[in-house]
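A.B. asks:
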Amino acid sequence: MSEAQQYRIKTQPFYQPQANEIALYEAAYQARLPVMLKGPTGCGKSRFVEYMAWKLNKPLITVACNEDMTASDLLGRYLLESNGTRWLDGPLTSAVRMGAICYLDEVVEARQDTTVVIHPLTDHRRQLPLDKRGELIEAHPDFQLVISYNPGYQSLMKDLKQSTKQRFVGFNFDYPTQDVEANIISSETGIDLETAQKLSQIALVARKLKGHGLDEGISTRLLVYAASLIKLGINPRDASLMAMVRPVTDDEDIGATLEHAIDAIFA
Amino acid sequence: MEALPSNSSLELHQLREKLDSRFPQVDDVFEECIKEAKAVLSPLGIEQYIEQARFLGKMGRGVEPMIIFLQEWPQAANILGEKSLECIKETIHAIWKSPNGIAITAFLESLPAISRRLPSEDLLKEYLAVTVDLMNRTSTSIHGIHKTYASPSLVDFIQHSHQLLGVMSISGIKKWVDYGVRNYHHHPENQRAFFQLKSSDSKAVMQRERSGTLLVDNTRKLDLYLLGLWNETELLVPYPTGINGSLIHAPYYDHTGIRLPDVYEDLNEIPGIDRYRATLAHMAGHRTWSTPIFADNFSPLQRLAVEFIEDARIDFLIIKQYPGLEKLLLSLHPKPFEGECNPQSHSCIRHRLAMLSRAIIDINHGYQDAEIQHYSEKIRTLLAKEDLSTQEVLNIALSYVAKTRLQSDQLPQTYFKDTEISYRDDNRHLWKFYELSDDEEQFDLKPATDSAEEIQALPPRHYPEWDYTSQTYRPDWVSLYEGLHPAGDPREIDQILEKHSVLAKRLKRLFDLLKPQNQVRIRYQEEGDELDLDVALRSLIDLKSGNQPDLRINMSHKTNGRSIAVMLLLDLSESLNAKLESSNQSILELSQEAVALFASSIDTLGDPFAIAGFHSNSRHDVNYLHIKGYSESWNDDVKGRLANLNAKHSTRMGAAMRHAAHYLNGQSADKKLMIVLTDGEPSDIDVSDENVLIQDARQAVIELDHMGIFTYCINLDKNADQYVGNIFGKQFTVIDHIEKLPEQLPRLFMALTH
Numbered sequence: 002m003s004e005a006q007q008y009r010i011k012t013q014p015f016y017q018p019q020a021n022e023i024a025l026y027e028a029a030y031q032a033r034l035p036v037m038l039k040g041p042t043g044c045g046k047s048r049f050v051e052y053m054a055w056k057l058n059k060p061l062i063t064v065a066c067n068e069d070m071t072a073s074d075l076l077g078r079y080l081l082e083s084n085g086t087r088w089l090d091g092p093l094t095s096a097v098r099m100g101a102i103c104y105l106d107e108v109v110e111a112r113q114d115t116t117v118v119i120h121p122l123t124d125h126r127r128q129l130p131l132d133k134r135g136e137l138i139e140a141h142p143d144f145q146l147v148i149s150y151n152p153g154y155q156s157l158m159k160d161l162k163q164s165t166k167q168r169f170v171g172f173n174f175d176y177p178t179q180d181v182e183a184n185i186i187s188s189e190t191g192i193d194l195e196t197a198q199k200l201s202q203i204a205l206v207a208r209k210l211k212g213h214g215l216d217e218g219i220s221t222r223l224l225v226y227a228a229s230l231i232k233l234g235i236n237p238r239d240a241s242l243m244a245m246v247r248p249v250t251d252d253e254d255i256g257a258t259l260e261h262a263i264d265a266i267f268a
Numbered sequence: 004m005e006a007l008p009s010n011s012s013l014e015l016h017q018l019r020e021k022l023d024s025r026f027p028q029v030d031d032v033f034e035e036c037i038k039e040a041k042a043v044l045s046p047l048g049i050e051q052y053i054e055q056a057r058f059l060g061k062m063g064r065g066v067e068p069m070i071i072f073l074q075e076w077p078q079a080a081n082i083l084g085e086k087s088l089e090c091i092k093e094t095i096h097a098i099w100k101s102p103n104g105i106a107i108t109a110f111l112e113s114l115p116a117i118s119r120r121l122p123s124e125d126l127l128k129e130y131l132a133v134t135v136d137l138m139n140r141t142s143t144s145i146h147g148i149h150k151t152y153a154s155p156s157l158v159d160f161i162q163h164s165h166q167l168l169g170v171m172s173i174s175g176i177k178k179w180v181d182y183g184v185r186n187y188h189h190h191p192e193n194q195r196a197f198f199q200l201k202s203s204d205s206k207a208v209m210q211r212e213r214s215g216t217l218l219v220d221n222t223r224k225l226d227l228y229l230l231g232l233w234n235e236t237e238l239l240v241p242y243p244t245g246i247n248g249s250l251i252h253a254p255y256y257d258h259t260g261i262r263l264p265d266v267y268e269d270l271n272e273i274p275g276i277d278r279y280r281a282t283l284a285h286m287a288g289h290r291t292w293s294t295p296i297f298a299d300n301f302s303p304l305q306r307l308a309v310e311f312i313e314d315a316r317i318d319f320l321i322i323k324q325y326p327g328l329e330k331l332l333l334s335l336h337p338k339p340f341e342g343e344c345n346p347q348s349h350s351c352i353r354h355r356l357a358m359l360s361r362a363i364i365d366i367n368h369g370y371q372d373a374e375i376q377h378y379s380e381k382i383r384t385l386l387a388k389e390d391l392s393t394q395e396v397l398n399i400a401l402s403y404v405a406k407t408r409l410q411s412d413q414l415p416q417t418y419f420k421d422t423e424i425s426y427r428d429d430n431r432h433l434w435k436f437y438e439l440s441d442d443e444e445q446f447d448l449k450p451a452t453d454s455a456e457e458i459q460a461l462p463p464r465h466y467p468e469w470d471y472t473s474q475t476y477r478p479d480w481v482s483l484y485e486g487l488h489p490a491g492d493p494r495e496i497d498q499i500l501e502k503h504s505v506l507a508k509r510l511k512r513l514f515d516l517l518k519p520q521n522q523v524r525i526r527y528q529e530e531g532d533e534l535d536l537d538v539a540l541r542s543l544i545d546l547k548s549g550n551q552p553d554l555r556i557n558m559s560h561k562t563n564g565r566s567i568a569v570m571l572l573l574d575l576s577e578s579l580n581a582k583l584e585s586s587n588q589s590i591l592e593l594s595q596e597a598v599a600l601f602a603s604s605i606d607t608l609g610d611p612f613a614i615a616g617f618h619s620n621s622r623h624d625v626n627y628l629h630i631k632g633y634s635e636s637w638n639d640d641v642k643g644r645l646a647n648l649n650a651k652h653s654t655r656m657g658a659a660m661r662h663a664a665h666y667l668n669g670q671s672a673d674k675k676l677m678i679v680l681t682d683g684e685p686s687d688i689d690v691s692d693e694n695v696l697i698q699d700a701r702q703a704v705i706e707l708d709h710m711g712i713f714t715y716c717i718n719l720d721k722n723a724d725q726y727v728g729n730i731f732g733k734q735f736t737v738i739d740h741i742e743k744l745p746e747q748l749p750r751l752f753m754a755l756t757h
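From first to last, the protein sequence lines are chains R and H. Just so you know, we're using my numbering here: the first sequence kicks off at 2 and counts up by one. Just so you know, we're using my numbering here: the second sequence kicks off at 4 and counts up by one.
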């Protein structure tokens with residue numbers, strides 16, 4: 002149990018519900034349905050999972066997927082030791098054994114052959130075959146798989162196969178409305194609501210420019226960064242430029258437009 | 004007129020003596036001129052003034068130059084300072100000594116207007132240098148060094164100079180003059196048209212040198228602004244301002260788009276781009292918050308009041324949404340001084356409304372007028388409660404007009420100072436009419452035309468051309484027409500492939516090797532995806548036998564993709580029809596075979612590729628012939644077009660490359676390759692200096708390089724070494740044995756992309 006202990010969420014993470022997603026998730030967990038979270042970067046997907054793991058009091062194992070990730074990075078591999086080899090469980094295997102929520106973040110980044118290993122876990126079988134070890138693990142009754150991905154990439158290469166998609170129930174996440182977002186920023190950083198509203202208004206401008214040279218709108222996460230800087234006494238204009246403009250674009254015209262928006266909003 | 008004191012009249016007499024002129028016309032104006040001159044010139048200045056006038060009278064061009072100088076100089080000296088007479092004198096001498104004496108009159112006449120545009124002596128000197136330079140370069144001679152023919156354009160230039168100075172800086176004028184002189188040196192008619200600002204490229208070059216912020220340079224920024232801050236997308240269309248004034252007096256929008264002036268100078272330290280933004284904000288505000296109202300029942304004055312107050316309401320709401328814009332709008336909104344307009348002599352209605360408008364958006368307006376205070380306060384309170392629509396603005400405006408009405412509002416003289424608000428549009432969207440027109444018959448309503456006359460071909464695209472002598476682009480110099488290459492019988496291409504089947508098979512084998520291998524194994528990794536069993540066992544044995552084991556026992560995979568987009572650009576000029584000595588094939592036929600083999604090879608490889616041909620018949624008629632596009636497959640349509648290759652005219656390479664590049668640039672591949680297949684140097688019938696087109700092609704290669712396109716030339720001219728390096732640097736191959744081309748072309752491509 003001590004291994005599971007380290008994956009538990011100790012303190013309650015702040016999460017601002019946007020609709021009835023908490024109840025829906027609880028139901029999905031009760032039925033042990035695999036869950037898929039979709040939405041742009043930095044809109045609160047990971048925070049939601051964290052919050053739910055805390056609420057359900059289950060360990061949470063998070064794997065950040067990348068394009069070099071292979072099946073053995075999830076399942077486990079043999080390591081060489083002085084008197085032979087030793088098997089080391091990967092994060093997915095650990096979660097299956099201990100009954101944790103396994104969260105595969107940005108799962109489209111992983112290679113397609115990697116995503117296939119989760120198939121037997123996500124249907125009625127709830128099994129994980131480890132062919133290298135010749136072992137078939139039955140999933141712990143508490144185990145649940147959660148994946149997240151960002152459908153906004155618009156890349157032919159980065160999409161999930163239908164056979165993978167259709168194993169999950171889905172949640173659509175989007176940036177919160179201005180008032181909710183301002184509330185989030187203010188609760189996260191302790192900044193006053195009025196400034197938080199303004200930050201959110203700037204983000205609104207940027208989100209409208211998505212697809213016009215901006216790949217992704219300014220995320221709530223970046224707004225929180227900006228708010229933390231403002232809280233530390235940085236002038237709002239500089240903080241917004243630093244946290245919200247410089248990271249999202251190299252495009253001069255977009256930069257100038259956002260800069261103007263900041264000037265227009267922070268009088 | 005009051006008589007001058009006697010010592011003055013004596014002095015006048017002396018000056019008149021000094022002038023030493025017996026033209027009777029001088030007497031009519033002399034006294035007036037001296038009186039004016041005395042007010043602005045020092046005694047020494049007066050002496051020089053008279054001296055210069057005397058010179059002008061004696062130079063043999065009649066009385067006119069002298070009289071003009073006498074009348075104009077005091078005005079000009081008032082602005083320029085009397086010291087600048089020296090350089091003006093030099094210029095007059097220079098003109099006098101050339102065959103352009105006739106221009107002296109025009110020059111003197113232009114002095115006051117110019118002096119208003121050129122407040123400093125240094126600027127004046129530069130301007131004069133440009134004038135003299137223009138004169139020297141356009142005065143021509145037939146025999147030897149002496150200029151014998153007058154410059155055709157000097158007078159035109161001088162007459163337009165004050166307008167030019169209004170829109171361009173001196174350095175801009177210098178470039179503009181330089182362009183005109185260089186390109187129309189031998190063509191007096193065109194030269195005059197250029198300097199009279201009548202020719203289109205004269206206007207184009209001027210537009211390029213305009214001072215201020217050009218709309219065309221900032222369209223994207225403003226599009227983003229409109230979309231980001233106002234959630235609107237609309238076409239931004241510039242309307243011309245400048246030289247000849249404009250028919251349009253204010254920005255406006257209708258269903259065809261938003262019309263903005265083509266250039267905004269900085270105003271009140273607000274940069275041009277922010278003026279555009281303010282204008283767009285105001286229009287976007289109207290689009291969001293204004294509703295049209297019926298205009299028929301209101302007088303022009305009432306409508307004026309409604310527009311002013313509605314505009315101010317919109318500005319107020321803009322500031323409420325984006326407080327940062329307050330500073331911008333207040334800087335651009337004029338602040339009329341209270342009581343400046345005299346109601347006895349002028350109609351003050353605009354003045355009053357501008358003050359009210361200012362008071363609505365500026366809480367620190369400081370106006371004492373009770374009505375303005377009352378109404379601005381009322382409107383602000385209603386707006387703060389979000390309780391004011393256009394319809395209610397109408398009522399408030401009507402009551403304001405009724406309350407403040409003055410008899411003098413009907414006076415013909417309207418007081419305009421500080422009442423024009425440059426960022427506001429003309430409010431044509433605010434009014435709707437019960438009746439479209441007062442006229443019984445409406446001539447402006449045209450019957451709907453049937454759309455039978457559809458455009459058959461694509462409109463031409465204009466490309467600039469590089470002028471190496473001045474290191475500038477000639478704007479929109481080349482007209483390029485794009486069209487489908489006429490099709491022939493695709494079976495011919497199949498026959499060609501059949502004929503070269505041995506070569507084709509060999510190429511296919513080679514290209515198969517090039518096919519992207521998606522997964523490549525990397526062995527001997529300390530960290531990797533998988534255990535490499537062979538190595539692991541070896542290490543284990545080493546370990547057991549007491550040797551140092553190799554720790555790199557893992558292996559990993561990496562993807563090895565290939566992402567290249569190719570554009571093959573074929574020179575289809577007349578010279579390709581030449582037959583080879585060694586065989587009875589023409590170069591064109593060989594190129595055709597080569598392209599066929601090349602295309603079928605790339606097709607196996609799967610790289611996206613396009614084929615196009617070009618030829619030109621002067622700069623007005625460059626043809627770009629589409630043979631294969633990126634989205635087309637290597638099918639019978641494409642083969643048919645290739646089978647019918649047809650060569651004629653000349654080779655204007657730069658424009659064709661620029662056009663091909665815009666297609667290639669649209670591809671999303673990592674590497675972009677443009678192969679130019681040509682048999683000679685760029686040339687065209689309307690260019691005598693062959694270096695012009697070579698340098699233009701060179702410039703095109705540099706432009707493409709900046710776009711990330713790699714250009715490569717395959718040249719079939721044995722003597723190409725002399726020029727091809729100048730264009731393509733090291734990126735070229737000269738093929739001496741043209742017979743080998745069908746084999747060489749795919750091989751070269753392979754070497755380039757492997």
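Each residue gets a CB set at the ideal place from its N, CA and C atoms; glycine is no exception.
Out of curiosity, what's the CA-to-CA distance linking Arg9/R and Val523/H?
C.D. replies: The alpha-carbon atoms of Arg9/R and Val523/H are separated by roughly 40 Å.
A.B. asks: Label Tyr437/H either buried or exposed according to how many other C-beta atoms from any shown protein chain fall within 10 Å of its C-beta, with 16 as the threshold for buried.
C.D. replies: Exposed, because fewer than 16 other Cβ atoms sit within 10 Å of the Cβ of Tyr437/H.
A.B. asks: Verify the CB distance criterion: does Tyr79/R have a CB-CB separation below 8 Å to chain H?
C.D. replies: So, interface residue.
A.B. asks: Keeping to the same chain, check which residues put their C-beta closer than 7 Å to that of Asp479/H; ignore five residues upstream and five downstream.
C.D. replies: Correct list, in chain order: Ala207, His465 and Pro467.
A.B. asks: Going along the chain, which residues of its own chain have a beta-carbon closer than 6 Å to the beta-carbon of Asp453/H, five neighbours each way excluded?
C.D. replies: Reliability fails at Asp453/H, whose pLDDT of 45 lies under 50, so the model's placement of it is uncertain and the value that follows must be treated cautiously. Result list for Asp453/H: empty, nothing under 6 Å.
A.B. asks: Can you find the residues in the same chain that come closer than 8 Å, C-beta to C-beta, to Asp252/R, ignoring five residues on each side of it along the sequence?
C.D. replies: Once the five neighbours on either side are set aside, the close Cβ partners of Asp252/R are Gly214 and Leu215.
A.B. asks: Please report the residue range of the alpha helix (DSSP H) in which Tyr30/R lies.
C.D. replies: It spans Glu22 to Gln31 - the alpha helix (DSSP H) in which Tyr30/R sits, taken as one unbroken run.
A.B. asks: Any Cβ of chain R within less than 8 Å of the Cβ of Ile556/H?
C.D. replies: With 8 Å as the cut-off, Ile556/H counts as an interface residue toward chain R.
A.B. asks: What are the residues that DSSP puts in a beta bridge with Ile192/R?
C.D. replies: Beta-bridge pairing links Ile192/R to no other residue.
A.B. asks: Is the CB of Ala539/H under 8 Å away from at least one CB in chain R?
C.D. replies: Yes, its Cβ sits closer than 8 Å to a Cβ of chain R.
A.B. asks: Across the region 68 to 83 of chain R and the region 126 to 138 of chain R, are there enough close Cβ pairs to call them in contact, namely three or more that are closer than 8 Å?
C.D. replies: Yes: at least three Cβ pairs fall under 8 Å.
A.B. asks: Please decide whether Gly327/H counts as near chain R, where near means a Cβ-Cβ distance under 8 Å.
C.D. replies: Answer yes: the Cβ-Cβ gap between Gly327/H and chain R drops below 8 Å somewhere.
A.B. asks: In whole angstroms, what separates the C-alpha of Ser603/H from that of Val737/H?
C.D. replies: Cα-Cα distance, rounded: 23 Å.
A.B. asks: Over what stretch of residues does the beta strand (DSSP E) that includes Gln128/R continue unbroken?
C.D. replies: Taken as a continuous stretch (DSSP letters only), the beta strand (DSSP E) holding Gln128/R covers Gln128 to Leu131.
A.B. asks: Go through its chain and collect everything with a Cβ distance to Leu230/H's Cβ below 8 Å, but skip five positions before and after it.
C.D. replies: Excluding residues within five positions, the ones whose Cβ falls inside 8 Å are Thr236.
A.B. asks: Would you report the Cα separation of Val158/H and Phe198/H, rounded to the nearest angstrom?
C.D. replies: So the two alpha carbons sit approximately 9 Å from each other.
A.B. asks: Could you list which residues in chain H have their beta carbon closer than 7 Å to that of Ile231/R, in chain order?
C.D. replies: Residues of chain H passing the Cβ test: none, with the nearest at roughly 16 Å.
A.B. asks: Going along the chain, which residues of the region 216 to 248 of chain H sit with their C-beta nearer than 7 Å to a C-beta in chain R?
C.D. replies: Here the close residues are Arg223, Lys224, Leu227, Tyr228, Leu230, Gly231, Leu232 and Asn234.
A.B. asks: By Cβ distance, which residues of its chain are closer than 6 Å to Arg431/H, with the 5 residues on each side in sequence left out?
C.D. replies: Contacts found: Tyr255.
A.B. asks: For chain H, check one thing: does any of its Cβ atoms lie closer than 8 Å to the Cβ of Ala262/R?
C.D. replies: Interface residue, yes.
A.B. asks: Which whole-angstrom value is the C-beta distance of Ser302/H and Cys351/H, which I expect to be below 8 Å?
C.D. replies: Incorrect: roughly 16 Å between the Cβ atoms, too far for contact.
A.B. asks: Just the chain H side, please: which residues come within less than 7 Å of Ala257/R by C-beta, in chain order?
C.D. replies: The answer, in chain order, is Lys224.
A.B. asks: Would you mind telling me which residues of chain B sit closer than 7 Å to Thr71/R, beta carbon to beta carbon, in chain order?
C.D. replies: In summary, chain B is missing from the structure at hand, where the protein chains are R and H.
A.B. asks: Using three-state DSSP, classify Gly486/H as helix, strand or coil.
C.D. replies: Here Gly486/H sits in strand by DSSP.
A.B. asks: Kindly list, in the order they appear in chain R, the residues whose Cβ is closer than 9 Å to that of Ser542/H.
C.D. replies: Correct list: Leu81.
A.B. asks: Report the rounded CA-to-CA distance for Leu356/H versus Arg222/R, giving the unit in angstroms.
C.D. replies: Between Leu356/H and Arg222/R, the C-alpha separation is close to 48 Å.
A.B. asks: Return helix, strand or coil for Ile10/R, following the three-state DSSP convention.
C.D. replies: Residue state, collapsed to three classes: coil.
A.B. asks: How would you write the range of the alpha helix (DSSP H) that Gln167/R sits in, first residue to last?
C.D. replies: Counting along the chain, Gln167/R falls outside any alpha helix (DSSP H), and DSSP gives it neither H nor E.
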